[in-house]
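Chains S and X, in that order, are what the protein sequence lines are. Per my numbering: the first sequence ends with 264, consecutive numbering throughout. Per my numbering: the second sequence ends with 373, consecutive numbering throughout. Ideal Cβ positions, reconstructed from N, Cα and C, are used throughout, including at glycine. To keep things clear, I will list the structure first and then write my remarks on it.
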Amino acid sequence: MTAAPVLQVQDVTLAFGQVTAINGISFDVRPDELFAVIGPNGAGKTSIFNVISGVYRPQQGAVTLHGESLLGRSPADIAHRGVARTFQNIELFSNLTVIDNLMLGRHQHVGYGTLAALAWIGRARSEELRHRRAVEEIIDFLELAAWRAYPVGMLPYGVQKRVELGRALAMDPKLLLLDEPVAGMNLEETEDMARFILDVREDLHVPMIMVEHDMGLVMDLADRVMVVDFGTPITTGTPAEVQRDPRVVAAYLGGDMQHEEALS
Amino acid sequence: MSTRVSGRPELYTAYGQDMAFLNTRPKQLGVLAVVVVAALLPLTVSDDLLKLLGTGLVLAIGAIGLNLLTGYAGQVSLGHAFFVGVGAYTASVMAGDPDGRAMGLGITFVPAWILGAGVVAAAAGAIVAPLATRLRGLYLAVVTLGLVIIGGYVFTEWADLSGGAQVGRDAPKPVVLGADLTVDGAYTQEQKLFWLFLVVLVVFAVLARNIGRSKIGRAFAAVRDRDVAAGVMGVELAKYKLIAFVLSSFYAGVCGSLLFVANGHFGPERFSGGYGLLLSVQFIAMVLIGGVATVSGSIMGAFLIALLPRIASELPSFLPFVTTASNEHPNVFEIEVGLYGLLIIAFLLFEPRGLFGIWHRIRTYWKSFPFSY
Numbered sequence: 001m002t003a004a005p006v007l008q009v010q011d012v013t014l015a016f017g018q019v020t021a022i023n024g025i026s027f028d029v030r031p032d033e034l035f036a037v038i039g040p041n042g043a044g045k046t047s048i049f050n051v052i053s054g055v056y057r058p059q060q061g062a063v064t065l066h067g068e069s070l071l072g073r074s075p076a077d078i079a080h081r082g083v084a085r086t087f088q089n090i091e092l093f094s095n096l097t098v099i100d101n102l103m104l105g106r107h108q109h110v111g112y113g114t115l116a117a118l119a120w121i122g123r124a125r126s127e128e129l130r131h132r133r134a135v136e137e138i139i140d141f142l143e144l145a146a147w148r149a150y151p152v153g154m155l156p157y158g159v160q161k162r163v164e165l166g167r168a169l170a171m172d173p174k175l176l177l178l179d180e181p182v183a184g185m186n187l188e189e190t191e192d193m194a195r196f197i198l199d200v201r202e203d204l205h206v207p208m209i210m211v212e213h214d215m216g217l218v219m220d221l222a223d224r225v226m227v228v229d230f231g232t233p234i235t236t237g238t239p240a241e242v243q244r245d246p247r248v249v250a251a252y253l254g255g256d257m258q259h260e261e262a263l264s
Numbered sequence: 001m002s003t004r005v006s007g008r009p010e011l012y013t014a015y016g017q018d019m020a021f022l023n024t025r026p027k028q029l030g031v032l033a034v035v036v037v038a039a040l041l042p043l044t045v046s047d048d049l050l051k052l053l054g055t056g057l058v059l060a061i062g063a064i065g066l067n068l069l070t071g072y073a074g075q076v077s078l079g080h081a082f083f084v085g086v087g088a089y090t091a092s093v094m095a096g097d098p099d100g101r102a103m104g105l106g107i108t109f110v111p112a113w114i115l116g117a118g119v120v121a122a123a124a125g126a127i128v129a130p131l132a133t134r135l136r137g138l139y140l141a142v143v144t145l146g147l148v149i150i151g152g153y154v155f156t157e158w159a160d161l162s163g164g165a166q167v168g169r170d171a172p173k174p175v176v177l178g179a180d181l182t183v184d185g186a187y188t189q190e191q192k193l194f195w196l197f198l199v200v201l202v203v204f205a206v207l208a209r210n211i212g213r214s215k216i217g218r219a220f221a222a223v224r225d226r227d228v229a230a231g232v233m234g235v236e237l238a239k240y241k242l243i244a245f246v247l248s249s250f251y252a253g254v255c256g257s258l259l260f261v262a263n264g265h266f267g268p269e270r271f272s273g274g275y276g277l278l279l280s281v282q283f284i285a286m287v288l289i290g291g292v293a294t295v296s297g298s299i300m301g302a303f304l305i306a307l308l309p310r311i312a313s314e315l316p317s318f319l320p321f322v323t324t325a326s327n328e329h330p331n332v333f334e335i336e337v338g339l340y341g342l343l344i345i346a347f348l349l350f351e352p353r354g355l356f357g358i359w360h361r362i363r364t365y366w367k368s369f370p371f372s373y
């Protein structure tokens, strides 16, 4: 297990004025790994994603993907380097169909310019067809065939979450960031999504970072878990190690339990 | 691969069929019918109405351009009249008489000055585009409004270019294959110009539809709907806003090059002060009333706006209290101006998808007839 890490985050600190959202967080993600980040609300989990995908710029630290620094690059540039993500509150293009949303995921791979697009002959046409086939593979993979021609704004919530995963997969990512993939889902939808996440890891071999509040899902799926609280890392380890860590229990239940018992 | 199964027109056996320009049989037949009717229209309609319809065709090119920018890419611009003006003057200068009173280069080849007007206007659009990467929404609208003010001043003061205030200059002469279309012959000027405008509109409408269904059109929609998510998906925001401005101004320039051909003469007043602003607002009205992010809607909206003066002038025969005398109230001129505002508000409130939305509703109704669901 000494393969070079895909992503390395070193000592990142991000502050908005006086509020420190991330305070010296370091971790790395290895090939084929499903790395989970958990923590109470406001712990800075989504901020970590925003730093990796270039939406926020941290004051300190380093973020490297396959040895290349990501800091200071635009979100589009980072996407071109192979980072794809989903959002906590679905950020799909709700007027567009499922197919068009997934085709937007392939945007950076579609190779033709404005003039070719005007004429729609030759390269524009063949590229559109080629990428349409790639998109249909993902539609098959995520079982979205029944919905493919609908505007995504009309689809049920659970399906929209799946479309968002599909759009990220359409980017052919080297690293996938999943922000609460099962938030607000019922049991069936959660189990479906869990199966798709496992499929992505096993069939597509895409390393993933997952932020999630569903502890059962995190503990069952993740290879390693990092716990953060108030932007500060508490511990990182396998699910079993993390569950036994008294600091984690304290972070979730609020304060030092033994200490409070002693007071009472 | 792409075999057609006879009798099953909605069964696609290849992705190419699904992605085709007109992907259903009714669309193919419908568009063909509209084009044929439009081509035969000059033979049946009176010349004064034909002139208005011809203006509608030209305005439709500009409306498609603004729809690419505002409808598809979501960047509100009140400066469209400025780019139309740049196109009008570029075409006039290119086609103008080199020995005339105003500037002229004597390039009479029609496609040359049409495309030249588009290219110069597009270059002006490229210079303005960086503003859009810094500003959005109302701020962008106000700044682009400034273009109309600046442009109006430059056009009025630059007498070599525009002929000067109250004087104006000649519009380009459309000479196709040695025949001047503005001279009556076997067919009248209005008929020949209508056919010229129709050909240009069909070409540019097809190009715009292609943009809409391409990578560029999807990127525009992404920028419009969620710009943060668009960036994270790898869509370069600044680049696509630039492309939107360049394409939109190109269309505006082409529209401008043809807008005064029928009149043969135009002054800088058309692009300065109140008239310049009114022209920009009229283009916004065409997009909103016609249908945001649709090419067919832009065309419908342009026709409605072009015919509005005519519709208003017919009002007194239905509403006896409306007069045609400009010193009495309410007169048709007041009603015409008021109608722009009224139509925009009514459509935004009751049919935000515009005329295209109404058409869509009718189509859906007959698709599912006799069931209402």
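In the assembly as shown, X:V292 is a buried residue. Its beta-carbon has 16 or more other beta-carbons within 10 Å.
The residues M210, V218, A222 and V225, in chain order, have a CB closer than 6 angstroms to that of S:A36 in the same chain once the five nearest residues on each side in sequence are set aside. In summary, X:G137 is exposed, with fewer than 16 beta-carbon neighbours lying within 10 Å of its beta-carbon over all protein chains present. The C-beta of X:F21 has fewer than 16 other C-beta atoms within 10 Å across all chains shown, which makes the residue exposed. In terms of Cα proximity to X:V183, the closest of X:N263, X:C255, X:A39 and X:T13 is X:N263. Chain X places no beta carbon closer than 9 angstroms to that of S:G122, leaving this residue out of the contacts. The DSSP assignment places 273-290 as complete runs of the alpha helix (DSSP H) inside the region 259-296 of chain X, in order along the chain (cut-off: 4 residues). In this structure S:A21 is in contact with S:G44, their Cβ atoms being roughly 5 angstroms apart against a cut-off of 8 angstroms. The C-beta of X:E236 comes closer than 9 angstroms to at least one C-beta of chain S.
In chain S, no part has a C-beta under 8 angstroms from the C-beta of X:I127; the shortest such distance is about 18 angstroms. Contact of S:Q108 with chain X is assigned, a C-beta pair being separated by under 9 angstroms. Pairwise C-beta distances place the region 3-20 of chain S out of contact with the region 189-202 of chain S, as fewer than three of them are shorter than 8 angstroms. In the three-state reduction of the DSSP assignment, S:M185 falls in the coil class, being assigned neither a helical nor a strand state. At least one CB of chain X lies nearer than 9 angstroms to the CB of S:I78. By the Cβ neighbour-count rule, S:L169 is buried, with 16 or more other Cβ atoms within 10 Å of its own. Here DSSP, grouped into helix, strand and coil, assigns X:L135 to coil.
Proximity of S:A119 to chain X, defined by a Cβ-Cβ separation below 9 angstroms, is satisfied.
DSSP places S:D172 outside both helix and strand once states are collapsed to three, so it counts as coil. Among the residues of the region 3-15 of chain X, those with a Cβ less than 9 angstroms away from any Cβ of chain S are A14 and Y15, in the order of the chain. Chain S has no Cβ within less than 9 angstroms of the Cβ of X:I114.
Around the beta carbon of X:Q166, a 10 Å sphere encloses fewer than 16 other beta carbons of the protein chains shown; the residue is thus reported as exposed. Within the same chain, Cβ atoms closer than 6 angstroms to the Cβ of X:G267 are found at G168, the five residues on either side in sequence being excluded.
Straight through space, the alpha carbons of S:Q88 and X:K192 are spaced by roughly 59 angstroms. Rounded to the nearest whole angstrom, the C-alpha separation of S:A250 and S:L177 is 27 angstroms. Considering only beta carbons, the part of the region 201-227 of chain X lying closer than 7 angstroms to chain S consists of L207, N210, I211, S214, K215, I216, R218, A219, A221, A222, D225 and R226, in chain order. For X:I243, at least one C-beta of chain S is nearer than 9 angstroms to its own C-beta. Taking every protein chain shown into account, the CB of X:H329 has fewer than 16 other CB atoms within 10 angstroms, so this residue is exposed. Residues of the region 246-258 of chain X that bring their beta carbon within less than 9 angstroms of a beta carbon in chain S comprise V246 and L247, in sequence order. In this structure, the CA atom of S:D179 is about 6 angstroms from the CA atom of S:T86. At least one CB atom of chain X sits nearer than 9 angstroms to the CB of S:G54.
For a Cβ distance threshold of 9 angstroms, residue set D225 and R226 of chain X lies close to S:S94, ordered along the chain.
Chain-order list of chain X residues neighbouring S:P75: G231 and V232, by C-beta distance under 7 angstroms. Secondary structure of S:A21 (DSSP, three-state): strand.
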